[in-house]
Every structure is written in structure tokens, then in C-alpha cells.
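In this note's numbering, the protein residues as written are 605 to 735.
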Amino acid sequence: VEAIKNNPANVEARLSGSNLPTKKESDLSVQRARYNCMMLRVTGQNDVRTTQVGVHLATALFEAYHTLEALRLLEKLAGTSRRVHGSDHRVTADTAFLLKQFQARYVSIGNGLNYQALRYENDGKSCVIQG
605 VEAIKNNPAN VEARLSGSNL PTKKESDLSV QRARYNCMML RVTGQNDVRT
655 TQVGVHLATA LFEAYHTLEA LRLLEKLAGT SRRVHGSDHR VTADTAFLLK
705 QFQARYVSIG NGLNYQALRY ENDGKSCVIQ G
């Protein structure tokens, strides 16, 4: 608790994702390279394995607070998978489900429960929630 009180700027930077540990950024670089170089160039964007590796990358991005990049990648993967494999294919369904989860914004108001954020108002100072 003392570390938090003594260095609130560092805590805020870590929570926002702007000051990620080097290891996490390094892991993202490896996963990006695997997806872009190995999967897209070797197997192509229509291959199921490419979609699966892309989903793993999107999950890592999301967990590292690269939310917009993760959402854009999942949207692309879901569209490609639906077009190539059909909407009832397992990988398409899994990708669409994950996209829906990532699109739902959740906030915690201190009581230990999470609520879905419907919209932010007053330049992000207040939030309309549901749940």
C-alpha cells in the first residue's frame, strides 16, 4: 500500500497499459511475428490455424491493454472465418463469441462486482452502467 501511495503515477501508467513490463511487450512481439510472418505468409489468412493463432494474439493483446488492436484483429478474423468456413464452424463460433466478450465493456465500482459500461459521459468522468 505504501508503494501505491508513494508512486501513484506509476500505478496509473501500469493500469492504463502504457507502462507494460518489458517481458509482456516482448511476448507480444513474438506472438505478432508468429501470426504475421509464419501464419499469414505460410498458411494464408483463410487457414483455420491462422485464425487460431490470431485469436491467441488477440487475447494476449487484450490482456496487455491493447484493446483496440485486439478488437480490430478479432473483427477481421471473425469475418474471414465466417466467409471461408461458414457461421456454424467451431472456430468461427469461438472467434465470434470472444469478439462479443471483448466488445462488452465492464467496470468495477468498488463493491467487487462488475457492471457493463453502456457509455461514458462528461469526458469520461462518469459512466452509465447496466447490471
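From the three backbone atoms N, C-alpha and C, an ideal C-beta is built for every residue, glycine too.
Closest Cα partner of residue i within the set the options
| i | options | result |
| --- | --- | --- |
| L678 | T696, Y669 and H689 | T696 |
| Q720 | N726, I713, A708 and S730 | A708 |
| E667 | G735, S730, D631 and D727 | D631 |
| R676 | A700, M642, R645 and R694 | A700 |
| K628 | L644, S730, H670 and V657 | H670 |
| L717 | G735, S730, Q705 and N726 | G735 |
| K704 | A637, L644, S633 and A662 | A662 |
Cβ distance (whole Å) where residue i is taken to contact residue j below 8 Å
| i | j | result |
| --- | --- | --- |
| A664 | Q635 | 5 Å |
| T655 | L681 | 5 Å |
| R723 | V711 | No, R723 and V711 are not in contact; Cβ-Cβ is about 11 Å, not under 8 Å. |
| V659 | R638 | Not really, about 12 Å apart at Cβ, beyond 8 Å. |
Reduced DSSP category for residue i - H, G, I as helix; E, B as strand; rest coil
| i | result |
| --- | --- |
| Y669 | coil |
| N718 | strand |
| R645 | helix |
| E606 | Low local confidence applies: a pLDDT of 46 at E606 is under 50, so the model's placement there is unreliable, and no value is given. |
### Query
Would the stretch 680-693 and the stretch 634-654 be scored as touching if the rule is three or more Cβ pairs under 8 Å?
yes
### Query
Which runs of the beta strand (DSSP E), 3 residues or longer, sit entirely within the stretch 667-715?
Listed in chain order, the complete beta strand (DSSP E) runs (minimum 3 residues) inside the stretch 667-715 are 710-712.
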